[in-house]
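Down below is the structure, laid out as structure tokens.
Protein chains: 2
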Amino acid sequence: MASYRLAMRAVLLHELGGPERLVLEEVPTPAPAPGEVLVRIRAAALNHRDLFVTRGLYPKIALPALLGSDGAGEVAALGDGVTSLHPGSDVVIYPMLDWGDDPALRSPASSILGMPRAGTFAQYVCVPARNVYPKPAHLSFEEAAAIPLGGLTAYRALFTRGKLARGETVLVPGAGGGVQTFVLLFAKQAGARVIATSSSEEKLERARALGADLALNYAENSSWEKEVRAAGPVDLVVDSSGGETLSKALSVVRPGGRVVLYGGTHPEANVKLFALFWNELSVIGSTMGSPQDFAAMLALFDKGLKPAVDRVFSMTQIVAAMRRMDDASQFGKIVLSW
Amino acid sequence: MASYRLAMRAVLLHELGGPERLVLEEVPTPAPAPGEVLVRIRAAALNHRDLFVTRGLYPKIALPALLGSDGAGEVAALGDGVTSLHPGSDVVIYPMLDWGDDPALRSPASSILGMPRAGTFAQYVCVPARNVYPKPAHLSFEEAAAIPLGGLTAYRALFTRGKLARGETVLVPGAGGGVQTFVLLFAKQAGARVIATSSSEEKLERARALGADLALNYAENSSWEKEVRAAGPVDLVVDSSGGETLSKALSVVRPGGRVVLYGGTHPEANVKLFALFWNELSVIGSTMGSPQDFAAMLALFDKGLKPAVDRVFSMTQIVAAMRRMDDASQFGKIVLSW
Chain A
1 MASYRLAMRA VLLHELGGPE RLVLEEVPTP APAPGEVLVR IRAAALNHRD LFVTRGLYPK
61 IALPALLGSD GAGEVAALGD GVTSLHPGSD VVIYPMLDWG DDPALRSPAS SILGMPRAGT
121 FAQYVCVPAR NVYPKPAHLS FEEAAAIPLG GLTAYRALFT RGKLARGETV LVPGAGGGVQ
181 TFVLLFAKQA GARVIATSSS EEKLERARAL GADLALNYAE NSSWEKEVRA AGPVDLVVDS
241 SGGETLSKAL SVVRPGGRVV LYGGTHPEAN VKLFALFWNE LSVIGSTMGS PQDFAAMLAL
301 FDKGLKPAVD RVFSMTQIVA AMRRMDDASQ FGKIVLSW
Chain B
1001 MASYRLAMRA VLLHELGGPE RLVLEEVPTP APAPGEVLVR IRAAALNHRD LFVTRGLYPK
1061 IALPALLGSD GAGEVAALGD GVTSLHPGSD VVIYPMLDWG DDPALRSPAS SILGMPRAGT
1121 FAQYVCVPAR NVYPKPAHLS FEEAAAIPLG GLTAYRALFT RGKLARGETV LVPGAGGGVQ
1181 TFVLLFAKQA GARVIATSSS EEKLERARAL GADLALNYAE NSSWEKEVRA AGPVDLVVDS
1241 SGGETLSKAL SVVRPGGRVV LYGGTHPEAN VKLFALFWNE LSVIGSTMGS PQDFAAMLAL
1301 FDKGLKPAVD RVFSMTQIVA AMRRMDDASQ FGKIVLSW
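Just so you know, the sequences run in chain order A and B. Each step along the first sequence adds one to the number in the numbering used here, with nothing skipped, and position 30 is 30. Converting from the second sequence to the numbering used here requires adding 1000 to each position, the first position being numbered 1.
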């Protein structure tokens, strides 16, 4: 039986009201149940989900909550029956629990790590042994922690649902968001051409540095749609904005093209149906990803690829880190480190 | 060189203004160009496209127009170079011209028979030899003429775009329309379960007679959506109504389900995006169909299947026939016969 500390520090949400309600406190270190592992978290990362929960904007919130879906660290202890892992191994955590047997569709019983199951904004987390994967060796813990939920979402949206093929052109609206930076990186890695948009010149510059072939300021350039069309046919749009952005995506994508939506910042869209059926467009929902998606996504990092890390905060600065995400001032993932 | 008449009767549209503008007159019988065949039309059928053109509600209308996309008849003469066909053969016409080489996407140069190319509301029509297929032997000319554009649209929507699998459940809103009766028939033939809706008890009765497992009156039964959900998960919806029907389709389809749209009677829809991405739904546009779709669709009739023919009018009664379609009082295809 491995030993582990009896108390750990963790970020708790006892009441709704925004990220300012998050508090750092001491709680009992969890013990791994049979089939689980205890991971010592070296770095975690933020997702919009964490922010939404603090504001009550998420289904089935249970309080108190220990949030955090992304984490990387070391195996600290093994529950009974776990023989495939060794204490001290560096791992990154697959954040979907109980996905089920069908890679095409998650089980209704599935959930995301970090509410209701205690998440990664803590010194230790218990997860099923099948949820830990070897950390890509060339990545730091901070870099590895940036990957899980955002990389998974981007992978499934681009490949499993969006069926991206080499040589196609992908439009990435709002290129600064955490998931969108993965979309950009993975699409380039897969041999696609990428058109990125943002309202920030600084983010457009960074998108170009990550490999965007064309980067357009939609706020300052009212003819950006024309420029997108002039740049050649767009095969695929990957978006989480919804609203007007979705309507525009349907007007710029080529006949037979696909628009994959993995979120809805603007939760409704008015869709003109003539273009949809006449041009045989597809609007495809996507969210999270299967274990198969996660394994294939991690393999993209085998050849030296690195995620876009916006900034690393200390876990004690979680409120400031959340505010940065809320301002949408980040480019890439916001990481928390102990 | 085969002989053909110098004059024929045909339905012409010289000016826009609705189906009342259609006139029967004598015009020169066309001569088949190299690679074409002249078909003596024994029966034709109506599509909403014909009605839309008479009202000016269609892209790129050229007048005078000789409408009609659906036809069945006999090969009357062969153009130079056509060796694969024999005069006197009974044929049904594939109504897409210049689809192109890609089964997944029609060429921008493609068009539908019956404007600008002279269509089937005539005693004779010239089409490329590759556009004629053997008439299924057990079908009358009237039955065969009912099939082409409607059957093609239904086939592509259900199978090529909708990926219907045996054992799945298909929701068919507005089950009386010509295309929707093919959707119902083909889905049953493919081993699917069919839920049909209509506002007419008479049409619901006919949908049951065609094999619908459940037929619901959406006008008189405000809880029809609940009944659909209670009847088990809906995998696929095939719709051409758009508007509110599309919104409801997205609320009744199961997680991972597909909604295929091949028309937009109500041309805009408000789409709630949370259900779309969270449930990984797909909204898939579809229209017409490839030569491959047409051949596979015709093969569905090999085992004795018959199309739903609403009524057979004489070609001289075309205005009355068009009014019946405009009233939406038909169940199945409205056929015209010489």
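Here a beta-carbon is modelled for each residue, glycine too, at the ideal position from N, C-alpha and C.
Can you tell me which of the three DSSP states Y133/A falls into?
Per DSSP, reduced to three states, the secondary structure at Y133/A is strand.
Look at the alpha carbon of S970/B and the alpha carbon of L1013/B, and state the distance between them as a whole number of angstroms.
Because residue 970/B is not part of the residues shown, which for chain B are 1001 to 1338, the question remains open.
Please name the residue or residues paired with R1040/B in a DSSP beta bridge.
Answer by DSSP bridge pairing, in chain order: E1074/B, Y1124/B.
Segments assigned alpha helix (DSSP H), at least 4 residues, entirely inside the segment 1243–1277 of chain B:
If one requires a minimum length of 4 residues, the alpha helix (DSSP H) runs lying completely within the segment 1243–1277 of chain B are 1243–1252, in chain order.
Rounded C-beta distance between V11/A and V37/A? I'm assuming under 8 angstroms.
Incorrect: roughly 21 angstroms between the Cβ atoms, too far for contact.
In terms of residue numbering, what span does the beta strand (DSSP E) encompassing E1201/B cover?
Looking at the DSSP string, E1201/B is not in any beta strand (DSSP E); the run it does join, the alpha helix (DSSP H), is 1201–1209.
Cβ-based burial, R1166/B [other Cβ within 10 Å; buried from 16]:
Label assigned to R1166/B: exposed.
Helix, strand or coil: which one does DSSP assign to E1015/B?
The answer is coil: DSSP assigns E1015/B none of H, G, I, E or B.
Could you please give me the residues that DSSP links to N1047/B through a beta bridge?
According to DSSP, which records beta bridges pairwise, N1047/B is partnered with nothing at all.
My understanding is that G1257/B touches D1235/B, with C-beta atoms under 8 angstroms, so please give their C-beta distance in whole angstroms.
Cβ-Cβ separation between G1257/B and D1235/B: approximately 5 angstroms, consistent with a contact (criterion under 8 angstroms).
What whole-angstrom Cβ distance do A1065/B and M1008/B have, given they're in contact under 8 angstroms?
The C-beta separation of A1065/B from M1008/B comes to about 16 angstroms, leaving the pair out of contact by the 8 angstroms criterion.
If the criterion is Cβ atoms closer than 8 angstroms, does the pair I1195/B and V1228/B meet it?
Yes; because the gap between Cβ atoms is below 8 angstroms, this pair is in contact.
May I have a chain-ordered list of the alpha helix (DSSP H) segments no shorter than 4 residues that lie completely inside the segment 271–328 of chain A?
You should have 273–278, 291–299, 318–326.
Would you identify the three-state DSSP class for P148/A, choosing helix, strand or coil?
Taken through DSSP and simplified to helix, strand or coil, P148/A comes out as helix.
Should H48/A go down as buried or exposed, given a rule of 16 or more other Cβ atoms within 10 Å for buried?
With 16 or more Cβ atoms within 10 Å of its Cβ, H48/A is classed as buried.
Please classify F1052/B: is it buried, with 16 or more other beta-carbons within 10 angstroms of its beta-carbon, or exposed?
With fewer than 16 other beta carbons inside 10 angstroms of its own, F1052/B counts as exposed.
Taking C-alpha atoms, which residue in M288/A, D310/A, G18/A lies nearest to A154/A?
A154/A has its Cα closest to that of M288/A, out of M288/A, D310/A, G18/A.
Looking at C-alpha atoms only, which residue of G1242/B, R1206/B, P1148/B, P1032/B is the closest neighbour of A275/A?
When each option's Cα is compared against that of A275/A, the closest is G1242/B.
Within the 8 angstroms Cβ cut-off, does V1271/B reach chain A?
So yes, V1271/B belongs to the interface.
What is the DSSP secondary structure of V1082/B, reduced to helix, strand or coil?
In the structure shown, V1082/B sits in coil (DSSP, three-state: anything other than H, G, I, E or B).
V1181/B versus T245/A: straight-line alpha-carbon distance, rounded:
Looking at the sequence itself, residue 1181/B is Thr, so the reference to Val does not match. T245/A has its alpha-carbon roughly 36 angstroms from the corresponding atom of T1181/B.
Is it buried or exposed for L6/A, if we count other Cβ within 10 angstroms and need 16 for buried?
Here L6/A is exposed. Its C-beta has fewer than 16 other C-beta atoms within 10 Å.
E15/A classed as buried or exposed, judged by whether at least 16 other C-beta atoms fall within 10 angstroms
Exposed, by the Cβ-count rule.
Output the boundary residues of the beta strand (DSSP E) element that contains R1193/B.
Boundaries of the beta strand (DSSP E) harbouring R1193/B: 1193–1198, taken from the DSSP string.
Mark D50/A as exposed unless 16 or more other C-beta atoms lie within 10 angstroms of its C-beta, in which case mark it buried.
Burial check for D50/A: the Cβ neighbour count within 10 Å reaches 16 or more, so the residue is buried.
Counting pairs of beta carbons, one from the segment 1077–1093 of chain B and one from the segment 1122–1131 of chain B, are three or more of them closer than 8 angstroms?
By the Cβ rule, the segment 1077–1093 of chain B counts as touching the segment 1122–1131 of chain B, because three or more pairs are nearer than 8 angstroms.
Let me check understanding here. Comparing Cα to Cα, which of A45/A, G264/A, P30/A lies closest to M315/A?
Cα-wise, what sits closest to M315/A is A45/A.
Chain-order list of residues whose beta-carbon lies under 7 angstroms from that of W1338/B (same chain, five-residue window excluded)
Cβ-Cβ distances below 7 angstroms link W1338/B to I1041, R1042, Q1123, M1315 in the same chain, with the five nearest sequence neighbours on each side left out; the list follows chain order.
Which residue from P267/A, P255/A, A308/A, W224/A puts its Cα closest to that of S1286/B?
Looking at the Cα atoms, P255/A is the closest of the given residues.
Please confirm whether V283/A has its beta-carbon closer than 8 angstroms to some beta-carbon of chain B.
Interface criterion met: the Cβ of V283/A is under 8 angstroms from a Cβ in chain B.
Assuming V1091/B contacts K1163/B (C-beta within less than 8 angstroms), just tell me the rounded distance between them.
That pair is no contact at about 30 angstroms.
Give a yes or no on whether the minimum CB-CB distance between E1356/B and chain A is below 8 angstroms.
Only positions 1001 to 1338 of chain B appear in the structure, and residue 1356/B is not among them; the question remains open.
In chain A, what lies closer than 7 angstroms to W1099/B by C-beta?
Here the premise fails: no neighbours, minimum Cβ distance about 13 angstroms.
Taking the alpha-carbon positions, what's the S251/A to K1272/B distance?
Rounded to the nearest angstrom, the two C-alpha atoms are 19 angstroms apart.
Per the contact definition of three or more C-beta pairs closer than 8 angstroms, is the segment 1328–1338 of chain B in contact with the segment 1297–1314 of chain B?
Contact holds: three or more Cβ-Cβ distances are below 8 angstroms.
Contact set between P267/A and chain B, taken where Cβ atoms lie within less than 9 angstroms
By Cβ distance, chain B contributes K1272, L1273, F1274.
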